[in-house]
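S.K.: The structure's right below; bear with me while I get my questions together.
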Amino acid sequence: MKQNWIGGAWVDGATVTRNINPSDLSDLVGEYAQADTEQTGRAIAAARDAFPKWAQSTPQQRFDALDAVGTEILARKAELGDLLAREEGKTLPEAIGEVGRAGQIFKFFAGEALRIPGERLASVRPGLEVELTREPIGVVGIIAPWNFPIAIPAWKIAPALAYGNCVVFKPADAVPGSAWALAEILSRSGLPAGVFNLTMGRGSSVGAALLADRRVDAISFTGSVATGRKVAQSCIERMAKFQLEMGGKNPLVVLDDADLATAVSCAVQGGFFSTGQRCTASSRIIVTEGIHDRFVAATVEAMRKLNVGDAREKGVDIGPVVDQGQLDQDIEYIGAAQKEGGTLAYGGMLLERPKKGHYLAPALFTGTTNAMRISREEVFGPVCNVIRAKDYDEALAIANDTEFGLSSGICTTSLKYASHFKRHAQAGMVMVNVPTAGVDYHVPFGGRKGSSYGPREQGRYAAEFFTTVKTAYTFPG
Ligand code: NAD
1377 MKQNWIGGAW VDGATVTRNI NPSDLSDLVG EYAQADTEQT GRAIAAARDA
1427 FPKWAQSTPQ QRFDALDAVG TEILARKAEL GDLLAREEGK TLPEAIGEVG
1477 RAGQIFKFFA GEALRIPGER LASVRPGLEV ELTREPIGVV GIIAPWNFPI
1527 AIPAWKIAPA LAYGNCVVFK PADAVPGSAW ALAEILSRSG LPAGVFNLTM
1577 GRGSSVGAAL LADRRVDAIS FTGSVATGRK VAQSCIERMA KFQLEMGGKN
1627 PLVVLDDADL ATAVSCAVQG GFFSTGQRCT ASSRIIVTEG IHDRFVAATV
1677 EAMRKLNVGD AREKGVDIGP VVDQGQLDQD IEYIGAAQKE GGTLAYGGML
1727 LERPKKGHYL APALFTGTTN AMRISREEVF GPVCNVIRAK DYDEALAIAN
1777 DTEFGLSSGI CTTSLKYASH FKRHAQAGMV MVNVPTAGVD YHVPFGGRKG
1827 SSYGPREQGR YAAEFFTTVK TAYTFPG
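To convert a position in the sequence shown, counted from 1, into this note's numbering, add 1376.
Here is the structure:
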């Protein structure tokens, strides 16, 4: 049984959870300790105790620890990728890619620890000096979702530590394996006891305890809008700093002048890869009249060739849905889209494979409107719908007519429309002739409207959340 890491020691949980492989429901990935609220409190106390010293640690100390973590993750990419694919269900190449990204993120923030910025300005008053410095915020509670079991924890934990904060990390229930493997690497990285803590367990107990505890200075959360709202309410109540990355209903606009092969590839990759379980997945495909029928025919043709199967098998394009709950949600939305008048152009049925798993054929709906539930609510599965638009202006209006604003894409060969779209898409990230999902690790990540709240994650912009600014005035005398 894999334990929690609290105050520099491995400790048993209050209970145990079983981690099941969604590609093969008879395969037990492992058993993992589940912390309760009391243990979460102990982890918070350990982080609090460790904070004063870690806040004063040298950039070199932080660099060494984070760089060692990044190096080990990269060296063990294949093995950790296999574990990730086994517990979450994304394909092996996708999983190995995600692990590689986690390693690069640790390397990036190792470097950032050496470059914590400050400024010195002339005062408006004679003889005074003004300095702006960035200081750590304290103990950070990190609450992560299941769909990127190592990359999302990495892009929260690495900057938190690089800027001198201590961490209590609560992974999602469905994916304790990758979280534990990451914690095990961190446990050997030279970080002092209590600087990093792992508390695996339920959102309603461990997560809620992190939100309620006044010793936790900040919460970095990624997950659903519903949970994000609870995080916001708890944090506001006690004036804790928080950042939220939540859902998406990301549009991909395909214009008449698009290169058809590029558009189909963007739609299929952005909509269905990683089983559509990405916050940046393009689930609404908005297509102008002149290319609509050709685009739908070519996309269905491409979907026919997709191989849905065991995430770790060679040649598989799309792995299983993560668990029964998510599968039920996908099926419910497929039914709702049909009831509301959408035409199921392809897929949407459960698939049988030699091993029992949560297999679903990617689904494409046509004849949908932007008012239907399938267009307004996040499915978080391999389910996309096509909306017909008269022209670019109407397509842009539909793309922006959503409560979300994470990623927004367009396929066009027109510089005029591409430039206009980049300026007018109401989203944190805009993609031209590339899928809406798939981002670099050294630049900011995040959205607007209902998708995100608070400062951006990743890149140099991560400093906004993980530090607080101090303005110091000196009169040298
Ligand atoms: P979720 O909201 O169910 O859970 C997220 C985390 O919150 C989990 O660790 C969970 O245990 C915890 N949690 C649940 N209830 C809690 C409570 N009452 N108090 C504290 N913590 C609690 O989300 P999920 O199903 O794990 O992830 C899917 C969602 O995440 C989707 O909506 C997806 O769009 C979103 N997501 C967003 C981004 C982004 O960067 N915008 C990235 C990945 C996933």
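We treat Cβ as the ideally placed atom computed from N, Cα and C, and that holds for glycine.
So, helix, strand or coil for Gln1379, using DSSP?
M.R.: Note: Gln1379 maps to coil in three-state DSSP.
S.K.: Mapping DSSP to helix, strand and coil, what is Tyr1408?
M.R.: strand
S.K.: For the segment 1474-1493 against the segment 1538-1550, do three or more pairs of beta-carbon atoms, one drawn from each stretch, fall closer than 8 Å, so that the two count as touching?
M.R.: yes
S.K.: Whole alpha helix (DSSP H) runs in the segment 1638-1692 with 4 or more residues, listed along the chain?
M.R.: 1665-1680
S.K.: Starting from Thr1850 and walking both ways along the alpha helix (DSSP H), at which residues does that stretch end?
M.R.: Not the alpha helix (DSSP H): Thr1850 falls in the beta strand (DSSP E), residues Thr1843 to Thr1850.
S.K.: Work out the CA separation of Lys1846 and Ala1687 for me, nearest whole Å.
M.R.: Cα atoms of Ala1687 and Lys1846: separation of roughly 48 Å, rounded to the nearest angstrom.
S.K.: In three-state DSSP terms, what is Glu1753?
M.R.: For Glu1753, the secondary structure class from DSSP, reduced to helix, strand or coil, is coil.
S.K.: For Leu1508, is the classification buried or exposed, using 16 other Cβ atoms within 10 angstroms of its Cβ as the cut-off for buried?
M.R.: exposed
S.K.: Out of Phe1484, Gly1503, Gly1781 and Met1576, which has the shortest C-alpha to C-alpha gap to Ile1519?
M.R.: Met1576
S.K.: Just curious, the alpha helix (DSSP H) that Gln1437 is in, first and last residue?
M.R.: Pro1435 to Ala1451
S.K.: Short check: CB of Pro1758 to CB of Thr1675, under 8 Å?
M.R.: no
S.K.: Tell me whether Gly1553 counts as near the ligand NAD, meaning its Cβ is closer than 7 Å to at least one heavy atom of that ligand.
M.R.: Gly1553: no, Cβ never under 7 Å from the ligand NAD.
S.K.: Got a sec? Which residues, its chain only, sit under 7 Å from Gly1691 by beta carbon, not counting five neighbours each side?
M.R.: Asn1683
S.K.: Go ahead and pull the three-state DSSP assignment for Gln1619.
M.R.: strand
S.K.: Evaluate Tyr1722 with the Cβ neighbour count: other Cβ atoms within 10 Å of its Cβ, from every protein chain shown; 16 or more gives buried, anything less gives exposed.
M.R.: Tyr1722 comes out buried.
S.K.: Which residue wins for smallest C-alpha separation from Ile1561, given the options Arg1680, Leu1450 and Ile1528?
M.R.: Leu1450
S.K.: Quick test of the definition: if touching needs 3 or more C-beta pairs under 8 Å, does the segment 1623-1633 touch the segment 1740-1757?
M.R.: With the cut-off at 8 Å, the segment 1623-1633 and the segment 1740-1757 touch.
S.K.: Going by beta-carbon coordinates alone, are Pro1820 and Gln1619 separated by less than 8 Å?
M.R.: When the beta-carbon positions are compared, Pro1820 and Gln1619 stay at least 8 Å from each other.
S.K.: Specify the secondary structure class of Lys1483 as computed by DSSP and reduced to three states.
M.R.: helix
S.K.: Please classify His1734: is it buried, with 16 or more other beta-carbons within 10 angstroms of its beta-carbon, or exposed?
M.R.: buried
S.K.: Specify, as a first and last residue, the run of the beta strand (DSSP E) that Gly1553 falls within.
M.R.: Unbroken run through Gly1553 is the alpha helix (DSSP H), Pro1552 to Ser1563; no beta strand (DSSP E).
S.K.: Buried or exposed: where does Arg1564 fall if 16 or more other Cβ atoms within 10 Å of its Cβ makes it buried?
M.R.: exposed
S.K.: Check for me: the alpha helix (DSSP H) holding Arg1799 runs from which residue to which?
M.R.: Segment Leu1791 to His1800, the alpha helix (DSSP H) holding Arg1799.
S.K.: Measuring straight from C-alpha to C-alpha, what distance separates Ala1773 and Leu1782?
M.R.: Cα to Cα, the separation comes out at about 16 Å.
S.K.: Compute the distance between the beta-carbons of Gly1457 and Leu1442, then report whether it is under 8 Å.
M.R.: no
S.K.: Sorry if obvious, but does the Cβ on Glu1856 come closer than 7 Å to a heavy atom of the ligand NAD?
M.R.: Since the first residue of the chain shown is 1377 and the last is 1853, residue 1856 is not available in this structure.
S.K.: Could you spell out where the beta strand (DSSP E) holding Arg1510 opens and where it closes?
M.R.: Looking at the DSSP string, the run of the beta strand (DSSP E) that includes Arg1510 is Glu1505 to Pro1512.
S.K.: What would DSSP say about Arg1496, mapped onto helix, strand or coil?
M.R.: Assignment of Arg1496 by DSSP, reduced to helix, strand and coil, places it in the strand class.
S.K.: Got a sec? Which residues, its chain only, sit under 8 Å from Ile1407 by beta carbon, not counting five neighbours each side?
M.R.: Looking at the sequence provided, one finds Glu at residue 1407 rather than Ile. Cβ neighbours of Glu1407 beyond the five flanking positions: Met1377, Lys1378, Val1392, Thr1393, Arg1394 and Asn1395.
S.K.: Given 8 Å as the limit, is there contact between the segment 1421-1434 and the segment 1652-1670, that is, 3 or more CB pairs closer than that?
M.R.: no
S.K.: Which residues bound the beta strand (DSSP E) around Thr1742?
M.R.: Ala1739 to Thr1744
S.K.: Verify the contact flag: Ala1520, CB atom, against every heavy atom of the ligand NAD, threshold strictly below 7 Å.
M.R.: yes
S.K.: Is Glu1754 a contact residue of the ligand NAD, with contact defined as CB to any heavy atom under 7 Å?
M.R.: yes
S.K.: For Glu1677 and Pro1738, I'd like the C-alpha separation in whole angstroms.
M.R.: 12 Å
S.K.: Measuring alpha carbon to alpha carbon, tell me which residue in Ala1557, Cys1787, Ile1710 and Ser1784 is nearest Leu1736.
M.R.: Ile1710
S.K.: Going by the beta-carbon positions, is the gap between Gly1517 and Val1544 smaller than 8 Å?
M.R.: Closer than 8 Å, so yes.
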